[in-house]
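Below is one structure; the comments refer to it alone.
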Amino acid sequence: AQKVTQAQTEISVVEKEDVTLDCVYETRDTTYYLFWYKQPPSGELVFLIRRNSFDEQNEISGRYSWNFQKSTSSFNFTITASQVVDSAVYFCALSEAVDTGRRALTFGSGTRLQVQP
Amino acid sequence: KAGVTQTPRYLIKTRGQQVTLSCSPISGHRSVSWYQQTPGQGLQFLFEYFSETQRNKGNFPGRFSGRQFSNSRSEMNVSTLELGDSALYLCASSGGRTAGPYEQYFGPGTRLTVT
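Note that the protein sequences, when read in sequence, are chains A and B. Read in order, the letters of the first sequence correspond to residues 1418 to 1534 in the working numbering. Read in order, the letters of the second sequence correspond to residues 429 to 543 in the working numbering.
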């Protein structure tokens, strides 16, 4: 069975601090995808990144960066120089049955990030 | 490109009633998935439709059902509502049929309250 664990329930930082959100996953699939989504107070899930299991290269997009380590089954997300607008709930998710093309995602429980001005 | 739209945005129903939620995917997307989000259980996969066929189903009772139309629009129905069905129901669309999940783009959700 697939499982995604986000051990940090809530994180509070002061603006301009760096913050890392942890994600650990479990799967028996050899091919899979990992995702991060942001859910602001409005409720809509906003796609941030997709990473496939064959690509362990770290990725940076502006203030966002992701560290994928297959050896530890982790896919961590770092926000550099956090801003108040980054306040949201962040979800890590894992795909299921990639080879069938099915789209079901298994989500972690989410990490609520509060950035104080 | 217009995003995923869901109607209605808010809904209040009474126990025992049934409800139908609607989702219009991004133009050109053929896959529609539904998720339930509650404070206790988090985000859980309900089902996925592709080309009017249910391709995958989560672990929910038969009271939860769905369908997809030829224009890819999807509806989900919950019969005999229970208090525990109160949740944010999110619809997601993605494109193509090739192996491997593309990014799923989510709508704003329908917040259902059962009293």
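Positions of the beta carbon are idealized from the N, C-alpha and C atoms, including for glycine.
- In terms of Cβ geometry, residue 1528 (chain A) and residue 1428 (chain A) form a close pair [threshold 8 Å].
- With 16 or more other CB atoms across the displayed protein chains lying within 10 angstroms of its CB, residue 483 (chain B) is buried.
- Per DSSP, the unbroken beta strand (DSSP E) holding residue 1493 (chain A) starts and ends at 1491-1496.
- Inter-segment contact for the segment 504-517 of chain B and the segment 454-468 of chain B is present: three or more beta-carbon pairs are separated by less than 8 Å.
- Secondary structure note for residue 1509 (chain A): its beta strand (DSSP E) is the uninterrupted segment 1505-1512.
- Assigned with DSSP and collapsed to three states, residue 511 (chain B) falls in helix.
- Taking CB atoms only, residue 1445 (chain A) has no neighbour in chain B less than 8 Å away.
- At a Cβ-Cβ threshold of 8 Å, residue 486 (chain B) and residue 1505 (chain A) do not count as neighbours.
- Within chain A, the C-beta atoms nearer than 9 Å to that of residue 522 (chain B) come from 1520, in chain order.
- Using a Cβ-Cβ cut-off of 8 Å, residue 537 (chain B) counts as an interface residue toward chain A, since at least one Cβ of chain A sits closer than that to its own.
- Between residue 1492 (chain A) and residue 1482 (chain A), the alpha-carbon positions lie close to 10 Å from each other.
- The three-state reading of DSSP puts residue 452 (chain B) in strand, counting E and B together.
- Under the 8 Å criterion on CB atoms, residue 459 (chain B) is classed as interfacial with respect to chain A.
- By the rule that beta-carbons nearer than 8 Å mark a contact, residue 438 (chain B) does not touch chain A.
- Shown here, residue 1488 (chain A) sits in a helix according to DSSP, grouped into three states.
- For residue 517 (chain B), none of the residues of chain A pass the 9 Å Cβ criterion, the least Cβ distance being about 11 Å.
- Below the 8 Å Cβ cutoff, chain A contributes no neighbours of residue 503 (chain B), its closest Cβ being approximately 18 Å away.
- With contacts defined as CB atoms closer than 8 Å, residue 1523 (chain A) and residue 1441 (chain A) fail to qualify as a contacting pair.
- Looking at A:1525, A:1512 and A:1495, the one whose alpha-carbon comes closest to that of residue 1434 (chain A) is A:1495.
- Scanning its chain for C-beta atoms nearer than 6 Å, with the 5 sequence neighbours on each side dropped, one finds around residue 452 (chain B) the residues 433 and 501, in chain order.
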